[in-house]
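Structure first, commentary second.
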Amino acid sequence: MVLRKILFVCSGNTCRSPMAEAIMRGIIESEFPEMAGKVIVESAGVSAVDGVAASDSALVAVAEIGLDLSAHRARPLSKKLISEADTILAMESKHIAGILALDPSAADRVRTIADADIADPFGGSLQEYRQARDEIEAAVRRSLNVINRGGTG
449 MVLRKILFVC
459 SGNTCRSPMA
469 EAIMRGIIES
479 EFPEMAGKVI
489 VESAGVSAVD
499 GVAASDSALV
509 AVAEIGLDLS
519 AHRARPLSKK
529 LISEADTILA
539 MESKHIAGIL
549 ALDPSAADRV
559 RTIADADIAD
569 PFGGSLQEYR
579 QARDEIEAAV
589 RRSLNVINRG
599 GTG
């Protein structure tokens, strides 16, 4: 029985939100097995081009922590994805505006993943991708701890 559906949102859905999706799934599998099958994790982008693969540097950054994004394909954010999500975690505050433009009723379910925006590493160095990955992982862990305690994450 699914208890929660979490949607990560960034710009193109080729680096930050897919990394967040993979990281959350990996942490649930290894550290919160009681949540497996009860939490669905997805990602999308406010300006994504449907079907684009994850960026090469995103693939490397998550592979370094034992995760795989090779099957990921970008998908544009839609009102349907928003309406189905219990929690929507945006990488930057500007993404919240895009989410709410599609579905203003999501206001109580959307927030940024971290206290500060997670910078877009697209086109940057592998080190910038690693930095984004590490910031995302810390934020995902905080969210999972809240969810596991019965909060809204």
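Using this note's numbering, you'd call the opening residue of the sequence shown number 449 and step up by one each time. For glycine and all other residues, C-beta sits at the position ideal for the given N, C-alpha and C. Predicted model only: the values in this text are computed from it and were never measured.
{"Item": "Ser503, enclosing alpha helix (DSSP H) - first and last residue", "Value": "Counting along the chain, Ser503 falls outside any alpha helix (DSSP H), and DSSP gives it neither H nor E."}
{"Item": "Contact set for Asp534: own chain, Cβ-Cβ below 6 Å, skip 5 residues either direction", "Value": "Arg452 and Lys453"}
{"Item": "According to DSSP, residues forming a beta bridge with Arg581", "Value": "Answer is none; Arg581 lacks a bridge partner."}
{"Item": "First through last residue of the alpha helix (DSSP H) which encompasses Ile513", "Value": "Neither: Ile513 is in no alpha helix (DSSP H) and is coded neither H nor E."}
{"Item": "Segment contact, 8 Å Cβ cut-off, at least three pairs: the region 570-587 with the region 502-509", "Value": "yes"}
{"Item": "Selection from Asp551, Ala554, Ala587 and Leu550 that minimises the alpha carbon distance to Asp565", "Value": "Ala587"}
{"Item": "Ser573, DSSP secondary structure in three states", "Value": "coil"}
{"Item": "Close-in-space but distant-in-sequence residues of the same chain around Ile475 (CB under 7 Å, 5 per side omitted)", "Value": "Val588, Arg589 and Leu592"}
{"Item": "Beta-carbon proximity check, Cys458 vs His543, cutoff 8 Å", "Value": "yes"}
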